[in-house]
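Read the structure below first, then the notes.
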Amino acid sequence: MTVNLPDNAAARWQLQGIALRRGQTQVFSDLHLGLHEARIGLIGHNGAGKTSLLRLLAGLEQPQQGQLLWQGQVHASAPSRRVGLMFQNPDDQIIFPTVQEELQLSWQSAHGGSRKQALAGVLEFLQQRGLAHWAQRAMGSLSQGQRQWVCWLAMQVAQPQVLLLDEPYASLDLPGQLRLAAEIAASTQQIIVSTHVLDYVCDFERVLWLEQGCVRMDGPGAQVCAAYEAWVHSQVRPGGGGWAHEGAQHG
Ligand SMILES: Nc1ncnc2c1ncn2[C@@H]1O[C@H](COP(=O)(O)OP(=O)(O)O)[C@@H](O)[C@H]1O
Ligand SMILES: [Mg+2]
């Protein structure tokens, strides 16, 4: 799947010699990457650095060394209007007790205006999607997958130029996954998706396979996903006395 970004929305990231430490963990040591494509998948084992990379792009992590450039400019802090991060766990993202209030915040941060205008915009938005009945729903009455969908809706309300999605399929049911994949395919923004569900990124023009904070493979989704899958199958021997991939060296 090759998607052309409109020129005025073209997102151009450059990571130059990034070192990132989180707590006691040196996640990245000297990471160099250009991220120009409209659709980029991030795959790799747990702990590989997918979330850390997304948090870095979102401005939630500051590197100890190196520079992160956005369209040639140093990207020092989170420019929330341009870049939206959908957290893996919706409960890390959701602030308000109802759907309407949560979306209202996104609306106002993106479009400004009064609370009343934001509410009208949100209600119209929900109506267009056949979800008007969600407006007053309490977050606590929604399943985790439904709360994840609220986070996706919040992004759609705000329309940032770059969408960073951290394992967005993890708690969605199958219809929700298919709907999200279709909406991603139809979006005009740059979208970077981390996932363990390879089917949803194997048709992306670019996928990065991360391993222990390094890029192990970088290329068209079909090739990278096939290589990752083959590697996992060659390494993991359930019932064979443990997980052979843990700490495994590759050559
Ligand atoms: N909040 C944190 N504090 C300290 N270390 C962390 C934190 N979050 C993640 N890490 C470590 O950073 C490394 C990369 O993690 P992460 O980016 O979450 O990987 P992934 O998303 O690929 O599973 C791992 O070694 C993980 O243990
Ligand atoms: Mg993660």
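In my numbering, the protein residues as written are 1 to 251.
Note that the Cβ used here is the ideal one computed from N, Cα and C, for glycine as well.
Please find out if some non-hydrogen atom of ligand 2 comes closer than 7 angstroms to the beta-carbon of residue i.
i    : result
E229 : no
Q88  : yes
E183 : no
E124 : no
E167 : yes
Does the Cβ of residue i lie closer than 7 angstroms to at least one heavy atom of ligand 1?
i    : result
G47  : yes
R216 : no
L210 : yes
R22  : yes
K50  : yes
T195 : no
G44  : yes
I need the boundaries of the alpha helix (DSSP H) containing residue i, first residue and last residue.
i    : result
E205 : Counting along the chain, E205 falls outside any alpha helix (DSSP H), and DSSP gives it neither H nor E.
I184 : L174 to A186
S106 : V99 to H111
F125 : R115 to Q128
L54  : K50 to L57
G23  : Looking at the DSSP string, G23 is not in any alpha helix (DSSP H), and its letter there is neither H nor E.
What first and last residue would you give for the beta strand (DSSP E) that runs through residue i?
i    : result
M155 : It is not in any beta strand (DSSP E) - M155 instead sits in the alpha helix (DSSP H) that spans Q144 to A158.
W231 : Here W231 belongs to no beta strand (DSSP E); instead the alpha helix (DSSP H) covers G221 to Q235.
Q65  : Q65 to W70
M139 : Premise fails: M139 is in no beta strand (DSSP E) and is neither H nor E.
G84  : V83 to M86
Look up residue i in the DSSP assignment and give the residues it is bridged to.
i    : result
E211 : C214
R194 : The sequence given here has Ser at residue 194, not Arg. Beta-bridge pairing links S194 to L42 and D166.
G47  : Answer is none; G47 lacks a bridge partner.
Can you tell me the Cα-Cα spacing of residue i and residue j, whole angstroms?
i    : j    : result
A10  : H36  : Here the model assigns A10 a pLDDT of 49, short of 50, so the residue's position is not dependable, and the following value carries that caveat. So the two alpha carbons sit approximately 8 angstroms from each other.
R237 : I184 : 34 angstroms
V158 : L131 : In the sequence as presented, Val is not what sits at residue 158; that position holds Ala. Near 17 angstroms, if we compare the C-alpha coordinates of L131 and A158.
L53  : A226 : 22 angstroms
W231 : H111 : 46 angstroms
G17  : L174 : 39 angstroms
M57  : Q127 : Residue identity check: residue 57 is Leu in the sequence provided, not Met. One C-alpha to the other measures close to 32 angstroms.
Q177 : S171 : 9 angstroms
V99  : R115 : 15 angstroms
T25  : A186 : 37 angstroms
E124 : P160 : 19 angstroms
Q67  : H133 : 45 angstroms
S106 : L164 : 16 angstroms
L103 : A38  : 25 angstroms
Can residue i be considered in contact with ligand 4, in the sense that its beta carbon sits closer than 7 angstroms to one or more heavy atoms?
i    : result
G112 : Of the ligands one can find in the structure shown, namely ligand 1 and ligand 2, none is ligand 4.
Quick one: does residue i have its CB under 8 angstroms from some CB of chain D?
i   : result
H45 : Judged by its chain identifiers, the structure shown contains no chain D, having just a single protein chain.
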